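Student: Quick one: structure below, then a few questions.
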Ligand SMILES: Cc1cc2nc3c(=O)[nH]c(=O)nc-3n(C[C@H](O)[C@H](O)[C@H](O)COP(=O)(O)O)c2cc1C
C-alpha cells in the first residue's frame with residue numbers, strides 16, 4: 028500500500044486517474060489538497076504535440092496539446108500521459124515533455140514520469156490503433172514502451188485494460204511484455220475495452236498482473252468508497268490505487284481512505300464545505316479559462332458536488348441548464364437551506 032515510481036514515493040499509493048475533460052489542472056490541485064499523492068495529465072496526443080511544432084502558425088497561436096501537458100511546481104508529483112501508436116512520435120513527444128523544449132510549452136517544471144495510454148476505449152482513438160487497441164497488439168505496445176524508455180531518463184509507466192474483449196483478456200501477457208520493455212509501473216483498469224465504463228470490474232485481473240510482474244501495480248476501477256479501496260488492496264495485493272469517477276464531486280475520498288488506512292478518525296465535510304469547495308473550483312476554472320469556457324466546463328463538476336444531498340437530482344438538472352455562475356450559486360443556496368430544514 029505504498030509505492031515508488033522512480034524517485035517519487037507515494038506513502039499510501041493513492042492516485043487521481045487521468046480523465047480527459049475532467050481532471051484539469053484545477054481539479055488535480057484540489058485532489059492533491061485532499062490527499063491524492065500523485066496525478067496524471069489528461070491524455071495528450073503524441074502526434075498532435077509533434078505536429079504542433081511544425082505547423083505554420085504564429086508563435087503565440089494556441090497550442091492545445093502543449094496546454095494539456097502544462098505542469099507547474101505546485102502540481103508535483105505529476106505524470107504526463109501520451110497516447111499514440113507510432114513509436115517514433117511517442118519517442119519524440121516524450122523527449123519534448125522531458126526537456127520542456129517545445130513550442131507552446133508553458134510549464135515551469137518537468138513531469139515525474141511519462142505514462143502511456145493503453146486503455147482509452149473511444150472509437151476515434153482505437154480506430155487508429157491507439158489507446159486500448161494496443162491491447163490487441165502486445166508486441167507493438169512493448170515496442171512503444173521500449174522506444175520511450177530508451178529515449179528519456181524519466182520513468183515510463185503504462186495504463187492498460189484487462190484486454191480488448193471478454194474473449195481476449197490478456198492483461199498479464201501485456202504487463203509482462205511492458206515490464207520486459209522497461210516500464211516502471213503498470214496501472215490496470217480491470218475492464219475490457221468492450222465494457223467501456225459499465226459497472227463491475229474483474230479484480231482477479233489485477234491480482235493476476237500483480238502476481239506476474241515485479242514492478243508496482245496500480246489497481247483501477249470503481250473505487251467510490253473506503254470499503255472499495257480496502258477491498259481492492261486486500262483482494263489484489265496491488266501497490267496503489269487510481270481513483271477516477273469516485274473523486275468527481277468528492278475529492279475528499281483520498282483523505283478519507285488515508286485516514287482509514289492509518290486507523291485515524293475521519294470527519295466528513297459538511298454540505299456547506301462541499302458547496303464552498305465547489306464554488307472555489309468554479310471560480311478558479313473561470314479565472315484560468317475565462318468566463319465562458321470555465322463555466323461551461325465547470326458546470327458538470329458543480330452538479331457532481333451535490334450528489335447525496337436531498338433534492339440533488341433536480342438540482343443537478345438545474346445546474347446543467349443554469350445560464351450563469353450566479354444562478355448556480357442561487358441553486359446551491361436553496362439546496363443548502365433545504366438540507367438545514369431536514370435537521
Ligand atoms: C470522462 C473520462 C475521461 C477519461 N480519460 C482518460 C484519459 O485521458 N486517460 C486514461 O488513461 N484514462 C481515461 N479515463 C479512464 C479513467 O482513468 C479510469 O481508468 C476509469 O474511469 C475507471 O476508473 P474509475 O472507475 O475510478 O472511474 C477516462 C474516464 C472517464 C470517465
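Residue numbers (our numbering): 28 to 370.
Glycine included, every Cβ here is placed at the ideal spot set by N, Cα and C.
Quick caveat, the model's predicted, so the values are computed rather than measured.
#1: Sorted by chain position, which residues of the same chain lie with C-beta nearer than 8 Å to residue 370's C-beta, five sequence neighbours on each side aside?
#2: Just to confirm before moving on: does the CB-CB distance between residue 178 and residue 121 stay below 8 Å?
#3: Determine the direct distance from the alpha carbon of residue 317 to that of residue 324, and round the result to whole angstroms.
#4: Would you grab the beta carbon distance between residue 371 and residue 190 for me? Rounded to a whole angstrom, and I think it's under 8 Å.
#5: How would you label residue 56, buried or exposed, when you count the other beta carbons within 10 angstroms and need 16 or more for buried?
#6: Could you give the distance in angstroms between the alpha-carbon of residue 302 and the alpha-carbon of residue 360?
#7: Using the three-state DSSP reduction, which class does residue 137 fall into: helix, strand or coil?
#8: Looking only at C-alpha atoms, which of 31, 92, 205 and 164 sits nearest to residue 174?
#9: Rounded C-beta distance between residue 63 and residue 281? I'm assuming under 8 Å.
#10: Check residue 344 in the structure and name its three-state DSSP category.
#11: On the criterion of 16 or more Cβ atoms from any shown chain inside 10 Å, does residue 351 qualify as buried, or is it exposed?
#12: Confirm, please, whether the CB-CB distance from residue 202 to residue 25 is below 8 Å.
#13: For the stretch 72 to 80 against the stretch 33 to 43, do three or more pairs of beta-carbon atoms, one drawn from each stretch, fall closer than 8 Å, so that the two count as touching?
#14: How close, in whole Å, do the beta carbons of residue 168 and residue 145 come, if the pair is a contact with beta carbons under 8 Å?
#15: Taking the continuous beta strand (DSSP E) assigned at residue 43, which residues delimit it?
#16: Any chance the stretch 262 to 276 sits against the stretch 221 to 241, with 3 or more Cβ pairs inside 8 Å?
#17: Alpha carbon to alpha carbon, how far is residue 149 from residue 224? Give it in angstroms, no decimals.
#18: Could you check if residue 65 is buried or exposed, using at least 16 other CB atoms within 10 Å of its CB as the buried criterion?
#19: What is the DSSP secondary structure of residue 307, counted as helix, strand or coil?
#20: May I ask you to report which of helix, strand or coil DSSP gives residue 231?
#21: Measure the Cβ-Cβ separation of residue 138 and residue 181 and say whether it is below 8 Å.
#22: Provide the residue span of the alpha helix (DSSP H) that contains residue 73, from first to last.
#23: Please classify residue 66: does DSSP put it in a helix, a strand, or coil?
#24: Give me the Cα-Cα distance between residue 314 and residue 238, rounded to the nearest whole angstrom.
#25: Would you identify the three-state DSSP class for residue 180, choosing helix, strand or coil?
#26: What residues does ligand 1 have around it, judged by CB closer than 7 Å to any heavy atom, in chain order?
#27: Between residue 67 and residue 103, is the Cβ-Cβ spacing less than 8 Å?
#28: Helix, strand or coil for residue 98 per DSSP?
#29: Could you please give me the residues that DSSP links to residue 108 through a beta bridge?
#30: Closest to residue 326 by CA distance: which of 309, 142, 211 and 110 is it?
#31: Rounded to whole angstroms, what's the CA-CA distance from residue 31 to residue 37? Just pull it up for me.
#32: So what does DSSP say about residue 298, is it helix, strand or coil?
#33: Looking at the unbroken beta strand (DSSP E) that takes in residue 161, where does it start and where does it end?
#34: Return the residue from the list 193, 28, 334 and 207 that minimises the CA-CA distance to residue 185.
#35: List the endpoints of the continuous beta strand (DSSP E) containing residue 204.
Tutor: Here's the rundown:
#1: The residue given as residue 370 occupies position 343 in the chain shown. Its pLDDT being 46, under 50, residue 370 is placed unreliably in this model, and the value from its coordinates should be taken loosely. Closer than 8 Å at Cβ, skipping near neighbours: no residue.
#2: Along the chain shown, read from residue 1 onward, the residue named residue 178 stands at position 151. Along the chain shown, read from residue 1 onward, the residue named residue 121 stands at position 94. Contact: yes.
#3: Within the chain shown, numbered from 1, the residue matching residue 324 stands at position 297. Within the chain shown, numbered from 1, the residue matching residue 317 stands at position 290. Their backbone Cα atoms lie some 11 Å apart in a straight line.
#4: Residue 371 lies beyond the range of the chain shown here (28 to 370); nothing can be said about it.
#5: Sequence index remark: in the chain shown, residue 56 carries index 29 (1-based). Answer is buried; the Cβ neighbour count reaches 16.
#6: Residue numbering aside, residue 302 sits at position 275 when the chain shown is read from its first letter. Residue numbering aside, residue 360 sits at position 333 when the chain shown is read from its first letter. Each residue's Cα considered, the two are about 9 Å apart.
#7: Reading the chain shown from its first residue, position 110 is the one you call residue 137. In the structure shown, residue 137 sits in coil (DSSP, three-state: anything other than H, G, I, E or B).
#8: Locating residue 174 in the chain shown gives position 147, where the first residue counts as 1. The shortest Cα separation from residue 174 among 31, 92, 205 and 164 belongs to 205.
#9: As a working note, residue 63 is residue 36 in the chain shown. As a working note, residue 281 is residue 254 in the chain shown. About 5 Å; that satisfies the 8 Å criterion.
#10: Locating residue 344 in the chain shown gives position 317, counting from the first residue. Here residue 344 sits in helix by DSSP.
#11: On the chain shown, position 324 is the one that residue 351 refers to. Counting Cβ neighbours within 10 Å, residue 351 comes out exposed, since fewer than 16 surround it.
#12: Given a span of 28 to 370 for the chain in the structure shown, any question on residue 25 remains unanswerable.
#13: no
#14: Counted from its first residue, the chain shown places residue 168 at position 141. Counted from its first residue, the chain shown places residue 145 at position 118. That belief holds up - the Cβ atoms of residue 168 and residue 145 are roughly 6 Å apart, short of 8 Å.
#15: Position 16 of the chain shown, counting from 1, holds the residue named residue 43. 41 to 43 is the extent of the beta strand (DSSP E) around residue 43.
#16: yes
#17: For the purposes of this step, residue 224 is taken as residue 197 along the chain shown, with counting starting at 1. For the purposes of this step, residue 149 is taken as residue 122 along the chain shown, with counting starting at 1. Going by the C-alpha atoms only, they are around 11 Å apart.
#18: On the chain shown, position 38 is the one that residue 65 refers to. So residue 65 counts as buried.
#19: Here residue 307 refers to the residue found at position 280 when the chain shown is read from its first residue. Looking at residue 307 - three-state DSSP - the assignment turns out to be helix.
#20: Residue numbering aside, residue 231 sits at position 204 when the chain shown is read from its first letter. In this structure, residue 231 counts as helix in the three-state DSSP scheme.
#21: Taking the first residue of the chain shown as 1, we reach residue 138 at position 111. Taking the first residue of the chain shown as 1, we reach residue 181 at position 154. Yes.
#22: Along the chain shown, one-based indexing puts residue 73 at 46. 73 to 81 is the span of the alpha helix (DSSP H), which, as asked, contains residue 73.
#23: What you label residue 66 is simply residue 39 of the chain shown in a count that begins at 1. Three-state result, residue 66: strand.
#24: Numbered from 1 along the chain shown, position 287 holds the residue referred to as residue 314. Numbered from 1 along the chain shown, position 211 holds the residue referred to as residue 238. Cα to Cα, the separation comes out at about 46 Å.
#25: Numbered from 1 along the chain shown, position 153 holds the residue referred to as residue 180. It is coil, neither helix nor strand.
#26: 44, 45, 46, 47, 48, 49, 69, 70, 108, 144, 146, 147, 186, 216, 224, 247, 248, 249, 250, 269, 270, 271, 272 and 273
#27: Translated into the one-based positions of the chain shown, residue 67 becomes position 40. Translated into the one-based positions of the chain shown, residue 103 becomes position 76. Contact: no.
#28: Here residue 98 refers to the residue found at position 71 when the chain shown is read from its first residue. The answer is coil: DSSP assigns residue 98 none of H, G, I, E or B.
#29: Here the question's residue 108 lines up with position 81 in the chain shown. Bridge partners of residue 108: 142.
#30: For this step, residue 326 is matched to residue 299 along the chain shown. Measuring from the Cα of residue 326, the nearest candidate turns out to be 309.
#31: For this step, residue 31 is matched to residue 4 along the chain shown. For this step, residue 37 is matched to residue 10 along the chain shown. Roughly 6 Å between the two C-alpha positions.
#32: The residue given as residue 298 occupies position 271 in the chain shown. Reduced to three states, the DSSP call for residue 298 is helix.
#33: Here residue 161 refers to the residue found at position 134 of the chain shown. From DSSP, residue 161 is part of no beta strand (DSSP E); its letter is neither H nor E.
#34: If you number the chain shown from 1, residue 185 lands on position 158. The option with the nearest alpha carbon to residue 185 is 207.
#35: Position 177 of the chain shown, counted from the start, is the residue given in the question as residue 204. Where residue 204 is concerned, there is no enclosing beta strand (DSSP E), although the alpha helix (DSSP H) it sits in stretches over 198 to 207.
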